[in-house]
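> The opening position of the sequence shown corresponds to residue 62 in our numbering, with each subsequent residue numbered one higher.
We put the beta carbon where it would ideally sit given N, CA and C, even for glycine.
Being a predicted model, the structure only gives us computed values, none of them experimental.
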Amino acid sequence: MNNFEVLLQDIEKELTSIVGEKYVTRNEVIRYTYTRTPTWPIKRERIRIPALIVRPGSTEEVVEIVRLANRYKIPVIPRGGGASIAGWLVTNNVDKSILIDLTRMNKVLEIDKEHFTVTAECGILLGELHKILRENGLHIFTVDVPFYIDTLGGALSGVVGGGEPSDLATSGELYHYVLGLKVVLPTGMIIQTGAGPHTNIYQQKVVDRAYNSPDITSLFLGDGGIFGIKVEATLVVEPWPSQYRFGAFIFNSFESSWKCFNKLVSTAPYLYSHILLMHTFEMKDWGLLYAIRAHLPEELALKYSYLSNICKFYGGSEISTEEALKLGYRYGTRDIGRTFGSRGHFIYFEGAFPRNIVPVAYDKIKSFLESEFLNGKLNEKVIDWVEFMAPKLRTSVILGFLVFFDNDKLNEDDIDKLIDIQEKYSDLRFKLGGFIEMHHGFEAFHAASVWSKEYKEFISLLKRALDPNNILNPGLWGINYD
Ligand SMILES: Cc1cc2nc3c(=O)[nH]c(=O)nc-3n(C[C@H](O)[C@H](O)[C@H](O)COP(=O)(O)OP(=O)(O)OC[C@H]3O[C@@H](n4cnc5c(N)ncnc54)[C@H](O)[C@@H]3O)c2cc1C
62 MNNFEVLLQD
72 IEKELTSIVG
82 EKYVTRNEVI
92 RYTYTRTPTW
102 PIKRERIRIP
112 ALIVRPGSTE
122 EVVEIVRLAN
132 RYKIPVIPRG
142 GGASIAGWLV
152 TNNVDKSILI
162 DLTRMNKVLE
172 IDKEHFTVTA
182 ECGILLGELH
192 KILRENGLHI
202 FTVDVPFYID
212 TLGGALSGVV
222 GGGEPSDLAT
232 SGELYHYVLG
242 LKVVLPTGMI
252 IQTGAGPHTN
262 IYQQKVVDRA
272 YNSPDITSLF
282 LGDGGIFGIK
292 VEATLVVEPW
302 PSQYRFGAFI
312 FNSFESSWKC
322 FNKLVSTAPY
332 LYSHILLMHT
342 FEMKDWGLLY
352 AIRAHLPEEL
362 ALKYSYLSNI
372 CKFYGGSEIS
382 TEEALKLGYR
392 YGTRDIGRTF
402 GSRGHFIYFE
412 GAFPRNIVPV
422 AYDKIKSFLE
432 SEFLNGKLNE
442 KVIDWVEFMA
452 PKLRTSVILG
462 FLVFFDNDKL
472 NEDDIDKLID
482 IQEKYSDLRF
492 KLGGFIEMHH
502 GFEAFHAASV
512 WSKEYKEFIS
522 LLKRALDPNN
532 ILNPGLWGIN
542 YD
């Protein structure tokens, strides 16, 4: 038995006394499952298996685990649903780390119907939170997908710091709705952000994001979990909008659909909760999918009438709801976690771009992907190809290519080729002035590769101050110190 094995036995004993035997394991098969994510093109040699899995059930237990990690100077990796698009565990010394699975901390702690807030533990699945709120007549802007895997804490730490909801076009990300967070810092100290008990000792509830203090909540949003472990979040919710209409218009050129898209994005108030431009492999035309949520039938009718007039003005013709649903299904991956894999393996080539550069970025990325797929001879293995553009409020657009592959035809060589294409794509996206949405996995390194020197120094400074022993997700974004 080597020294680390001996140490691990002591750590396991201590963890067992914190959370109970049932919630600690070193079983190899179980540990291996924690290396998996819906991102499948992973080089085998890059897979890293954590040394130990622990599943705390309370904030106090998280604190004790973090304190223990500081004592032993052993890294910890918080984990929600493990749904990163960008992949596997990439922190330093994964094989000598404790992975903290937070999914036992999944309770809704308070729904305040009078003030429209919810407080929940961060291990709750977003689909579950959404369901409970809906049963209470309330709406929350959770991520669009993967609704049945993502946890609240994972979404707030990961992609764009708070998930892109299906209503992204009008609501922005989930992080806009966060009032405050309860975070266990890397040293084990607990901090409650937002205007509430920690910024006014006479107030027991979180009532706002920023009264009485700088907006510290933002520090922990999209932080990839390097600054602290989120254990509770308080968010704004809305009354459930009972009226809904979904449909699609077809345009005979990209140019006309793009003009229509821009007109809709520039119109106030918003006539929709969601719009998406979409093009599939066999389509000559472009489709504009829309969803309208409203609180009153009259509001829905008025919004629809303006929206359809604008679409018709730019040459769009509306298709039936059944056809629109079929088109939407080609894009939709919402059921991942329930039906994952049913349409073959797929890869997202996705990025956020300022709206004005989208047509140029689209042309360049499309010709890059087409030539890479042809050269790599992967074309015959592609079974579906969907291109999409979704506005985020009025400023930027998520531009994506969703490529589906035939499961039976892919081999190890293809996976290497696909990883290579993904990495080249990532560079191209930055050079076009775009951004990635992933704050962890391999994309974290790509993200940090284009940070200015000053910016990287600033983030390192914050990290060192909060995590002197560098135990929490060490090495993410290439931030290293002893
Ligand atoms: C096919 C697919 C489609 C997707 N589409 C969308 C989409 O439409 N919209 C969208 O917003 N996102 C989308 N995502 C991305 C997904 O929402 C993010 O990857 C999200 O961060 C995953 O949450 P999780 O709970 O699985 O987090 P994990 O993957 O478990 O963790 C993410 C990061 O956060 C850290 N972390 C996890 N929990 C905590 C915590 N409680 N405290 C501190 N750090 C923590 C982890 O260490 C890790 O660095 C998609 C992902 C896939 C696979």
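Let me know the alpha helix (DSSP H) ranges lying completely inside the segment 85-145, each 4 residues or longer, listed in chain order.
89-94, 120-133
> Kindly indicate the opening and closing residues of the beta strand (DSSP E) around residue 304.
304-312
> Taking the beta strand (DSSP E) that residue 409 belongs to, which residues open and close that run?
It spans 406-415 - the beta strand (DSSP E) in which residue 409 sits, taken as one unbroken run.
> Using CA atoms only, rank isn't needed, just tell me which of 62, 321, 268, 289 is closest to residue 171.
268
> Leaving out five residues on either side along the sequence, give the residues of the same chain with a beta carbon under 7 Å from the beta carbon of residue 128.
Cβ neighbours of residue 128 beyond the five flanking positions: 249.
> Counting along the chain, where does the beta strand (DSSP E) carrying residue 291 start and finish?
290-297
> Looking only at its own chain, which residues have a Cβ that is under 8 Å from the Cβ of residue 273, when we skip the five neighbours before and after it?
256, 260, 261
> So is residue 333 buried or exposed if we call it buried at 16+ other beta carbons inside 10 Å?
Buried is the call here.
> Does DSSP classify residue 169 as helix, strand or coil?
strand
> Looking only at its chain, what residues have a beta carbon closer than 7 Å to the beta carbon of residue 626, apart from the 5 residues adjacent to it on each side?
The first residue shown for the chain is 62 and the last is 543, placing residue 626 beyond what the model contains.
> In the DSSP output, which residue or residues are listed as bridge partners for residue 378?
311
> For residue 120, which residues in the same chain have their Cβ closer than 6 Å to its Cβ, ignoring the five residues on either side in sequence?
Same-chain partners within the cutoff: 292.
> Pairs of beta-carbons, one from the segment 424-435 and one from the segment 314-334, closer than 8 Å: are there three or more?
The segment 314-334 and the segment 424-435 do not touch, with fewer than three beta-carbon pairs separated by less than 8 Å.
> Can you give me the C-alpha to C-alpha distance between residue 123 and residue 258, rounded to a whole angstrom?
Going from the Cα of residue 123 to the Cα of residue 258 covers about 20 Å.
> Beta strand (DSSP E) containing residue 452: first to last residue?
Its beta strand (DSSP E) spans residues 443-453.
> Taking the C-alpha atoms as reference points, what is the distance between residue 400 and residue 348?
Caution applies to residue 400, whose pLDDT of 49 falls short of 50 and renders its modelled position unreliable; the model cannot decide the point.
> What would DSSP say about residue 161, mapped onto helix, strand or coil?
If DSSP states are grouped into helix, strand and coil, residue 161 belongs with the strands.
> Quick test of the definition: if touching needs 3 or more C-beta pairs under 8 Å, does the segment 96-111 touch the segment 470-479?
Yes, they touch.
> Determine which residues share a DSSP beta bridge with residue 350 and list them.
309, 337
> Let me check one thing: in DSSP terms, what residues is residue 478 bridge-paired to?
Answer is none; residue 478 lacks a bridge partner.
> Would residue 111 pass as a contact of residue 96 if the rule is Cβ separation under 9 Å?
yes
> Pairs of beta-carbons, one from the segment 205-219 and one from the segment 463-470, closer than 8 Å: are there three or more?
no
> Tell me the DSSP bridge mates of residue 461?
411, 449
> Quick one: grab the DSSP three-state call for residue 234.
Reduced to three states, the DSSP call for residue 234 is coil.
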